[in-house]
Each structure stands twice: as structure tokens, then as C-alpha cells.
Amino acid sequence: MAAVFFVVTMVMYFAATVSVLAYLLWPSEALSKVSLGMTAIGFAAHTIALVARMVGATNVSPPGFHEALSFFSWMLILVFLAVEFRHRLHVLGSFIVPLALVSLVSAAALPETAPSLNPVFRTLWVHVTLSMLGTVGFAVAFVAGVMYLIQDGLLKSKRFNVLYSKLPALDFLDHLNQQSIVTGFPLLTLGIITGALSAEFSRGSYLNWNPEQTWALVTWVFYFAVLLGRLTMGWRAKRAAYLTIIGFAGVILTLIGVVLKSHGPVS
Amino acid sequence: MHIVVVGLSHKTAPVEIREKLAVPESRIGEALTRLCSYQGVREGILLSTCNRVEVYAVVDEIEAGYGRIQEFLADAHLSLSSEQLTPHLYWHQGDRAISHLFRVASSLDSMIVGESQILGQIKEAFEVALTHKSTGIILNKVVKKAISVAKRVRTETKIAEMAVSVSYAAVELAKKIFSDLSEKTVLLVGAGEMAKLAARHFIASGVRHVRVTTRNPQHGLELANRFGGTAVAFEQFREEMASADIVLVSTGAAHYLVSEEDVQRSVKQRMNRPMFLIDISVPRNIDPAVRHVDNAFLFDIDDLKARVEQNRGGRLQEAEKAEQMVVVEVGIVRRWLQSLEVTPTIAALRTRVDDIKRAEVEKTLGRLANLSASERELVEGLASSIVNKLIHNTMVTLKAEVNSSEGAAFVEAARRFFSLGDSAVSNVNGSTSSAPETCHPPQEESKDAEEVTPRTGSKTPGH
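From first to last, the protein sequence lines stand for chains A and B. Counting in numbering that gives the first Met the number 0, the first sequence runs from 0 upward without gaps. Counting in numbering that gives the first Met the number 0, the second sequence runs from 0 upward without gaps.
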């Protein structure tokens, strides 16, 4: 059953992506409703798929990248629906839904995890969930940053096109950026701590400076600096937008690296 | 009975006349009572804003009604004679009066097309009229409809989103930088007309903190008082700029007052919070190089004008859509008003009961195949007599009440009891109709009153 709903989700997200991108260029507001409807149906299907998988699992399996990415995509849409519901910010979907689709397609490309009985991996669930929640925060910050730079560019060049009219005010985007990092950062911090604990359990050391751990720490330091800079040195607006885009690129690279290492010839 | 409007607006009368005619809110009730005391005025509502003074009324006779309302308007201000008013007034009746009301409510007739204030003002005028029971079944429906048309126009067209004045375009741009203007501070540099107008628009859009600086400190103080803000010494305004989110510059200076460095410094002091600079001066007072400063957004008069031009095209399209909506909605109201005419109602009632009677008689006779001709006649006669007795009172009442002030309400009731009318009409009827409240208590003043025949053309003679 999970597989069927997973496919339904992908189809809906794909249709919604086409629709949200068309919405960006089309002056009419009508498409936003269509897109929202398809996203909501996709989200419902995805929720069922995730629950069915959890219920269907007979033994404790460690979370793999398939689960992580699928969960990431689900959380992204959840955040989008929440923001949309609160602020009626249709245009946010034009950026988040495609990202969720990419994440879901990546999930589909990866094998689902094989059952394993190793009790050590139980703590991994917590680690993966927290890290992914932190990453969702950074993803939203990234999207807000991209939207900020587009709107900033349109205002500076005085191009008042359809996109300009649909994008929200700059300070709203900056605020969204800030809130996302403020939320994401503590989650990532907890994710790293639980990761270190898992590593201690399984390998006997909290940190052995392997590439993914190193990258995770670099990411943590980077976002810590971004947050600190914003609070103390006025790293907001355009600079914050650039920094969060760079930061998220780093996060993605880490993920790709880790995935390749686990599934590629290295492992 | 006819719907008429007599009034003047920013399009037909200068402000000197409009301000004289404007009725203060506290005295509208009293004015309505006076309006309704005129012979032949059945319902009335008074709309008085800074841009228009209009009386919508239901009158027995168009020409006489026009005269009464004009008299009423002139009476409101003793220094104006009825003749002096004439060149500034417009008179509409029937469809055109309804269409006028719909257009006014939808802000298609406003000075700034698409502004939202007028709808609130109409609602207030209607409230006052309801309180003073100066409206009845017709105006109640028409005004309610006008309010719903205006809402439809606002939600279905983008007319309200398009800024069409330079000063308002500045506000519209500011809203793309700051989502909430109420916490923002405007610094007004100089006292150019356009800048003052823009400042007023900002205040109307929620800005609460205004700071003013002018070369002449006295002048600055006065302006600050007028905007409920504070004055800043002109020599220091560059240092004060960092505290302003929106800087409006409009002075007569022939050189740049604000340099790139000034803005750079301000943005830095603001910890990179965005700044919106508007230069409405010609020659320009802000160095155009400010464009290169990150998080500072500079717009000069040409930028604003370009924005307005772009909007104007869009607004024309949107206004066109809105006008079409108005035409459709007027049609709906017209059909409802026509349904209030007595003669067609009686005819429709007759047809309806005859149809029912025929169908029922045929059904029964079909079952009683072996009746003789005289017996069949008897059955038909029975049906006819029941039907006629049932509707007799309704017919008589309708005819009798034609000329009373409650005539329209009776017709409406008959229409609903016997479900006479098309879907469009029942659409108008959808709202709960209150008991007919009229200006006049029912009285026998209308021997020569006309039938309920709203027309678009000239006055219809009585029957």
C-alpha cells in the first residue's frame, strides 16, 4: 500500500510543480488554488504512505536515505502548507514544491533500507529525524533567500513584472529567513549531538573526523556564524540571503557525499 | 415609483461648493428626516463625503422628485441658492441611477479609482438611513446590492491594487519592501506638494511615525504638527536618516542634498535594514549613485511615473471588467424592480394559477373517462371557482395597494408566495427582506401617483 501512495504522491507533486511554476509567470491567481489542491492531495497521500510504512515495518530497521529524503520532502510541504495557511503566501509554493519533488524523486532513486536487528541503530532514528528537521529549516531559509534576491533585484532594476507583484515584501522574506534558521539551528545541533552519541555506541568514539562528520561540523559552525552575525553585526537582508543559499548548498553537498559513500563503491 | 439620484462630485463641482454642501455626520439623520418630509419622496439616503454629496431617493414622479431633492440640497446651505447649484449637479434615474450607485460603491467614480474608503462611507450612510427608517424595500435592496457588487469588484478585479497617482505609487512600492507600514518611520525632507501628498498616503496606509525637516524651522514645525509628527533640524537630517525607514525628499534645492556616502552610512547604522528613498524633487536632491548601495532602494519621480503609467494600462483593463460586472448587476436589479410592477404581476399570477388548474383538471378527467360533457364542465367549473376564490383577495389587495407606499412590498410578497419570477430575480430576493419601512406612513396622498414603472428613459406618465 505504501508503494502505491508513494507513487500517487509523486504524480501529484509533479503536477503541482508544473502548476506552481506556471503560476509564477501567469498573471492570474486562479492557478494557485489548483496548485494548492494538488499539493494537499499529494501531501495526504504521502502521509498515508509514511504511516503505512511505519505500521508495516515488522522489525526495527535503521533509517536509510530513502526514508530520510522522503521525510524531508514531507516536512517541507508541511511547513509550506502551514505558512500558506497563515500568510496566504501562494508564491512560496512555487519554490518549495519543486524542492520537495526533487527530494522525493531522489528518495525514489535510492533503495529502501534492508531490515536489520542491530539495536544500536535505534538511536539513529532520533539522529536522522532531528538532522532532517534542521535541514528543513535551512531549506526554507534557502527558499526565502532566493525569493529575497529575486525581489531585491526586481526592485533595484525597477522591473515590475508578474513575479514582482506575486513576491511578498522584502522584510517578510528576511524575517522568514531568520525564523527558519532560528528554528533549524537548534534542531541540527541536537541532530549532531545524537549522531555523536550513536557513533560512540557503534564505534566507540564520538568523533573520528570522517568526511561526513567533518562536513556536518563545518555546516554547524557556518550556520552558527550566520546566526551570530545577524544578531550582532547586522548580517541581514541581502547578505543573509546569500549566506543561507551558500549554507544550503553546503548541506546538499554533504548529503550527496554521504549518500554516495554509503551506496557507492566506497562502502 | 422611480429611483433617482441627484448630486455632485469631484467631477462636477469644485471643492468650494462641495465643502459647503457636505453634511456633517452628526446631522445626517436630521437631514434625512427633512428629505422624507418632502411630498412624493418615499425613500431616501444621503451620501456625503469630501468628494461627493449625493441623494438617492425613490420618488413618485421623476421631475418633481428632482426638484424636491435639489431644493433639499440647497436648503442644507443657506448661502447657496438652488440656481447656483444647478450647473454642478447631475440627475439620473432608473437604470442609470442604479448604475451610478454601483459605480460609486465600486470606486469606479472615485478621484483615485480603486480606493476603498467609499465603500465604508456608503455602508455608514446606509446604517444612518436604516436607523432613521428613511429607506424602504427598494433602496434597501439596491444599496445592499451595491455593497455586494463593490465587494465583488474588489475581489474579482485587481482594481484596488493598482496605484494610479505618483504619491500612491510610492506607498505601493513601500509595501514591497516593508510588509507592515505601521511600525515604520517616514522622514519628510522639504515641503513639496507631491511629497506632502505622499506623506498623507503613507499615514493613511498605517504609518504612525512621521518626522519632518525643512529649511525654515517654523514651517517644519507646522508641518510636523499637521502630520502628528516631530520636527528635525534641517542641518541634522542626514544624521537622523538612519532612524527613518522611508525618506521622502522634495525640496527646491538645485543640488544633491543626500549623497551616496550619507545613505551608505545610514544603512550601516541600521544594521542593513532596508531603506526606501523617494526623490520627488526636480532637479533631483538625492544622488542617483545611491542606487548602488545595497539594501537602499531609491526611486525618483520618473520611476514613480513609469510605475503609474504601467498601472494605468492595467487599471483600465480592470476597470473595464468592473464596468461589465456593474452592467450585469444592474440588469439583475432591473428585473427585480420590474417584477415589482403590479400589472405584470397580476398577469403572471393569473397565468400561473390557470396553468395549475388546467394541469390538475386534465389529470383528473383522464382518470374519469366515462363522464358526460356536462359532468366534465362541472369538474372544470369547480376547479375554476376554487382557484378564483383563492387568488381573489390577493388580486384585490394588489390593485388596491398599487399606490400606497407599501405597494412594492405587497407585489414582492405575492411574487414569492406564488413563486412568480425567474432565477435572476430570486437571486436579488435572496437577502432577507425586512418589513417595508418607508419615509411616509401610508397615506392617501397619491391619487395621481404612478404605477411602479422604473424606466431608463424619460418620465413615464401615470396611468
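Note that CB positions come from ideal geometry on N, CA and C, so glycine has one too.
Residues that residue i bridges to, as DSSP identifies them
| i | result |
| --- | --- |
| TRP90/B | VAL5/B |
| GLY135/B | Bridge partners of GLY135/B: none, in fact. |
| TYR55/B | VAL4/B and ILE44/B |
| THR229/B | ARG210/B |
| VAL142/B | Its beta-bridge partners do not exist; DSSP assigns none. |
| ASP299/B | ASP278/B |
| THR184/B | HIS208/B |
| ILE117/B | The partner list for ILE117/B (beta bridge, DSSP) is empty, contrary to what the question assumes. |
| ILE16/B | The partner list for ILE16/B (beta bridge, DSSP) is empty, contrary to what the question assumes. |
| ILE285/B | VAL257/B |
Under 8 Å from the C-beta of residue i: neighbouring residues of chain B
| i | result |
| --- | --- |
| LYS155/A | ARG290 and PHE296 |
| PHE221/A | What PHE221/A touches in chain B: nothing, since even the nearest Cβ is about 19 Å away. |
| ALA236/A | ASN271, ARG272, PRO273, ASP293 and ASN294 |
| ALA140/A | Correct list: empty, because the minimum Cβ distance to chain B is about 17 Å. |
| LEU169/A | LYS175, ILE176, PHE177 and PRO273 |
| GLN212/A | Within chain B, no residue comes near GLN212/A; the closest Cβ sits about 34 Å away, beyond 8 Å. |
Cβ separation of residue i and residue j, assumed to be a contact under 8 Å, to the nearest whole Å
| i | j | result |
| --- | --- | --- |
| THR243/A | ILE180/A | 7 Å |
| VAL209/B | ILE202/B | 7 Å |
| LEU162/A | LEU153/A | 7 Å |
| ILE61/B | GLN92/B | 5 Å |
| LEU276/B | PHE296/B | 7 Å |
| LEU348/B | THR396/B | Not really, about 11 Å apart at Cβ, beyond 8 Å. |
| VAL246/B | LEU172/B | Not a contact, Cβ separation roughly 13 Å. |
| VAL139/A | LEU169/A | Not a contact, Cβ separation roughly 17 Å. |
| ALA96/B | TYR55/B | 7 Å |
| LEU172/A | ALA195/A | Between ALA195/A and LEU172/A the Cβ distance is about 34 Å, and since that is not below 8 Å, they are no contact. |
| ALA241/B | SER265/B | 4 Å |
| LYS356/B | SER383/B | 6 Å |
| VAL386/B | VAL360/B | In fact, because the Cβ distance is near 10 Å, the residues do not count as touching under 8 Å. |
| VAL135/A | MET74/A | 4 Å |
| GLU211/A | VAL250/A | Actually they do not touch by this definition, with Cβ atoms about 12 Å apart. |
Proximal chain B residues relative to residue i, where beta-carbon distance stays under 7 Å
| i | result |
| --- | --- |
| GLN178/A | Here the premise fails: no neighbours, minimum Cβ distance about 13 Å. |
| GLY246/A | Near GLY246/A there are no residues of chain B at all, since even the closest Cβ is about 18 Å away, more than 7 Å. |
| GLY233/A | MET270 and ASN271 |
Neighbour list for residue i in chain A, Cβ cutoff strictly below 7 Å
| i | result |
| --- | --- |
| GLN309/B | PHE159 |
| ARG306/B | PHE159 |
Interface residues of chain A facing residue i [CB-CB closer than 9 Å]
| i | result |
| --- | --- |
| ASP302/B | LYS157 |
Check: residue i C-beta below 6 Å from any heavy atom of the ligand MN
| i | result |
| --- | --- |
| ASN176/A | In the structure on display, the ligand MN does not appear, and there are no ligands present to speak of. |
(request) Please determine if the segment 278-288 of chain B and the segment 146-157 of chain A are in contact, where contact requires at least 3 C-beta pairs separated by less than 8 Å. (result) The segment 278-288 of chain B, when compared against the segment 146-157 of chain A, does not touch it at the 8 Å Cβ threshold.
(message) I'd like the ranges of any alpha helix (DSSP H) spanning at least 4 consecutive residues and lying wholly in the segment 366-427 of chain B.
(response) Counting only runs that start and end inside the segment 366-427 of chain B, the alpha helix (DSSP H) elements of at least 4 residues fall at 372-400 and 406-416.
(message) For the segment 36-43 of chain A against the segment 12-21 of chain A, do three or more pairs of beta-carbon atoms, one drawn from each stretch, fall closer than 8 Å, so that the two count as touching?
(response) As far as the Cβ criterion goes, the segment 36-43 of chain A touches the segment 12-21 of chain A, which means the pair count is three or higher.
(message) My parser needs the alpha helix (DSSP H) runs of 4 or more residues fully inside the segment 234-279 of chain B; what are they?
(response) Fully enclosed alpha helix (DSSP H) runs of no fewer than 4 residues occupy 236-239 and 259-268 of the segment 234-279 of chain B, in order along the chain.
(request) Check whether the segment 77-91 of chain B touches the segment 115-134 of chain B, counting contact only when three or more Cβ pairs, one atom from each stretch, lie closer than 8 Å. (result) Result no; under three Cβ-Cβ pairs closer than 8 Å.
(request) Run through the segment 137-219 of chain A for me and flag every whole alpha helix (DSSP H) of 4 or more residues, listed as ranges in chain order. (result) List check, alpha helix (DSSP H) in window: 161-165 and 169-202.
(request) Would you check if there are 3 or more beta carbon pairs closer than 8 Å linking the segment 20-31 of chain B to the segment 93-111 of chain B? (result) Counting Cβ pairs under 8 Å, fewer than three are found: no touch.
(request) May I have a chain-ordered list of the alpha helix (DSSP H) segments no shorter than 4 residues that lie completely inside the segment 6-94 of chain A? (result) Here the runs fully enclosed are 29-55 and 64-86.
(request) Evaluate the contact criterion for the segment 221-228 of chain B versus the segment 247-261 of chain B: three or more CB pairs, one atom per stretch, below 8 Å. (result) With contact defined as three or more Cβ pairs closer than 8 Å, the segment 221-228 of chain B and the segment 247-261 of chain B are not in contact.
(message) I'd like to know if the segment 137-152 of chain B and the segment 45-52 of chain B are in contact, where contact means that at least 3 CB-CB pairs between them fall below 8 Å.
(response) Contact check between the segment 137-152 of chain B and the segment 45-52 of chain B: fewer than three CB pairs, one atom from each, fall below 8 Å, which does not count as touching.
(request) Please list the segments of the alpha helix (DSSP H) lying wholly inside the segment 297-346 of chain B, counting only runs of 4 or more residues, in order along the chain. (result) If we require 4 residues or more, the alpha helix (DSSP H) runs fully inside the segment 297-346 of chain B come out as 300-338.
(message) With three or more beta-carbon pairs closer than 8 Å as the criterion, would you say the segment 334-344 of chain B touches the segment 404-411 of chain B?
(response) Judged by Cβ distances under 8 Å, the segment 334-344 of chain B makes contact with the segment 404-411 of chain B, as three or more pairs qualify.
(message) With a threshold of 8 Å, are at least 3 pairs of Cβ atoms found where one atom belongs to the segment 316-328 of chain B and the other to the segment 366-381 of chain B?
(response) Result no; under three Cβ-Cβ pairs closer than 8 Å.
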